[in-house]
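The sequence shown begins at 1 in the UniProt record's numbering and counts up by one. Think of the CB as a built atom: it goes at the ideal place given N, C-alpha and C, for glycine as much as any other residue.
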Amino acid sequence: MRDLDVGALPVCDSQDRPIGILTDRDIIVRCIAAEQDPAGVTAGALAQGGLVTVGPDRDIDDVLAIMRRSRIRRLPVLEDGRLVGIITEGDIARRMPEQTVGEFVEGVCAPWT
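This is the structure in structure tokens:
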């Protein structure tokens, strides 16, 4: 993550199919703060389950709705079960009209109630 300057990486099974996403927050909260040795913990053990994905032809309004509903900031893009990209809230925000960016980020980052 440090070498690539990213905050998340996909975790894939033996057939290179994504099974989760490992975030910098996962490492801090579920490993470091839990006083586990990072050298002894696998990415798969820390990655969040319940992977939410979209296809490459998914409409951006659908992508926004999925990110808001699931309260996720990164959404893997799969084609035929294989990872072809990850769309992030930053990717979307950079292409939104300025007046809508705040509303979008607020919806994705809102705490669960």
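Quick one: using the 10 Å Cβ neighbour count with 16 as the cut-off for buried, is residue i buried or exposed?
i	result
residue 139	Because the chain in this structure spans residues 1 to 113, residue 139 falls outside the shown range and cannot be described.
Ile-60	exposed
Gly-20	buried
For residue i, does the three-state DSSP call read helix, strand or coil?
i	result
Leu-22	strand
Glu-89	helix
Val-77	strand
Leu-51	coil
Ala-39	helix
Leu-64	helix
Ala-8	strand
Arg-82	strand
Ala-33	coil
Grab me the residues of residue i's own chain with a C-beta within less than 8 angstroms of its C-beta, minus the 5 sequence neighbours each way, in chain order.
i	result
Gly-81	Arg-17
Ile-32	Pro-38
Asp-24	Met-1, Gly-7 and Ala-8
Val-54	Asp-62, Val-63, Ile-66, Leu-75, Pro-76, Val-77, Leu-78 and Ile-87
Note down the Cα distance separating residue i from residue j, rounded to an integer number of angstroms.
i	j	result
Val-11	Glu-35	22 angstroms
Ile-28	Ile-92	26 angstroms
Leu-78	Ile-87	11 angstroms
Leu-83	Leu-9	11 angstroms
Gly-50	Asp-13	14 angstroms
Arg-58	Val-41	35 angstroms
Arg-94	Gln-15	33 angstroms
Met-96	Asp-62	14 angstroms
Tell me which residues share the same chain as residue i and place their Cβ nearer than 7 angstroms to its Cβ, disregarding the 5 neighbours each side in the sequence.
i	result
Val-52	Ile-66, Ser-70, Ile-72 and Leu-75
Pro-56	Val-77, Glu-79 and Val-84
Could you round the C-beta distance between residue i and residue j to whole angstroms and report it? I think they count as a contact, below 8 angstroms.
i	j	result
Leu-22	Leu-46	6 angstroms
Near residue i, what residues of its chain come up, given a Cβ to Cβ distance below 6 angstroms and the 5 sequence neighbours on each side ignored?
i	result
Gly-44	Val-11
Arg-30	Leu-46
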